[in-house]
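Residue numbers (the UniProt record's numbering): 1 to 309.
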């Protein structure tokens, strides 16, 4: 059996200050592993610095991390893919451990859970937001990860080649996580050190804007992958609202035999009809989702598993 191949893939946008350090540290940690940097329309010297550090540099012109990951997954052939951000905040020295863990246990994804005591690296607002968003996803799809938004992971070939990659921005981490959880892939999580960016390096994350986009993505994924639960929730809300509005009307009718508040009665009736339609949509889409899930599973199984070391 041939020795499993691995690559390091780094999406980059205006990381001139940090990318040289990232490439150098990963070359030291994994000397025989090719390092690919995909530049995403940087306006600084990211490309030149990455090339000088020894990386193979390619370009993706569609703006957004999701677009870059889609391109990297499509272009590069390997047994294992080590994805990491180009901001020098992740522990390159942990890469051999993450890779070995994936190889020895036949895992499709190893997530590097961030651990730090530095406030500048991981602000309290970001920690809280990550916990809330991770909690929402794991509540619906299964509690198998604690850091859904980590940008440092190891993937197998069959994960990469079966991943649909529909997102365009930072919400791609959510999509990666749900893809693994929805297909019940063998995954694991390893704690790694997380530090602040180098001086002069600025984060591209827009806390509230990207947080809202991630939340929107979660809602979309729940609707697509758990339609019965999603539309049953809407149906239940509409029924509750109809009961709140309609109960006094029914009580009045039972007492005096009249319906003095006809608009309220009509509104309650309309809400019940909408609730029934919502439940019907959920039942129909649940069958469609089951067929889609079976197809996704078959596509996933069509790729050979990555060889173990």
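Backbone N, C-alpha and C define an ideal beta-carbon position, used for all residues, glycine too.
Quiz item: Would you report the Cα separation of residue 49 and residue 241, rounded to the nearest angstrom?
Solution: 60 Å
Quiz item: Which value, in whole angstroms, describes the spacing of the CA atoms of residue 11 and residue 248?
Solution: 59 Å
Practice problem: Indicate whether residue 190 and residue 83 have their beta-carbon atoms separated by less than 7 Å. | Solution: no
Quiz prompt | Residue nearest to residue 279 in terms of C-alpha spacing, selected from 268, 51 and 230 | solution = 230
Exercise. Please go through the same chain and pick out, in chain order, the residues whose beta-carbon is closer than 7 Å to the beta-carbon of residue 209, but skip the five residues on each side of it.
Key: none
Quiz item: For residue 306, which three-state DSSP category applies?
Solution: coil
Quiz item: How many angstroms separate the CA atom of residue 271 from the CA atom of residue 277?
Solution: Using only the alpha carbons, I get a separation of about 10 Å.
Quiz item: Quick one: what does DSSP say residue 155 is sitting in, helix, strand or coil?
Solution: strand
Self-check item: From 44, 46 and 161, residue whose alpha carbon lies closest to that of residue 340
Solution: Past the edges of the chain, shown from 1 to 309, lies residue 340, and the structure says nothing about it.
Quiz item: What residue does the alpha helix (DSSP H) around residue 72 start on, and which one ends it?
Solution: 65 to 75
Exercise. Tell me, please, whether the segment 76 to 96 touches the segment 26 to 36 by the rule of three or more beta-carbon pairs shorter than 8 Å.
Key: Yes, they touch.
Self-check item: Own chain partners of residue 24 with C-beta closer than 8 Å, once the 5 adjacent residues on each side are dropped
Solution: 53 and 54
Quiz item: From the DSSP output, which residues share a beta bridge with residue 192?
Solution: 114
Quiz item: Are the beta-carbon atoms of residue 26 and residue 92 separated by less than 7 Å?
Solution: yes
Practice problem: Count the other C-beta atoms from every protein chain shown that fall within 10 angstroms of the C-beta of residue 237, then say buried if there are 16 or more, exposed otherwise. | Solution: Flag for residue 237 reads exposed.
Practice problem: State the start and end residues of the unbroken beta strand (DSSP E) segment that holds residue 81. | Solution: Boundaries of the beta strand (DSSP E) around residue 81: 80 to 83.
Quiz prompt | Extent of the continuous beta strand (DSSP E) run through residue 59 | solution = Bounds of the beta strand (DSSP E) holding residue 59 are 56 to 59.
Quiz item: Which parts of the segment 213 to 242 are runs of the alpha helix (DSSP H), unbroken and 4 residues or longer, counting only runs that do not cross its ends?
Solution: none
Quiz item: So, are the CB atoms of residue 60 and residue 90 less than 7 Å apart?
Solution: no
Exercise. Can you have a look at residue 3 and say buried or exposed, based on whether 16 or more other CB atoms are within 10 angstroms of its CB?
Key: exposed
Quiz prompt | Beta bridge counterpart(s) of residue 109 as assigned by DSSP | solution = 155 and 187
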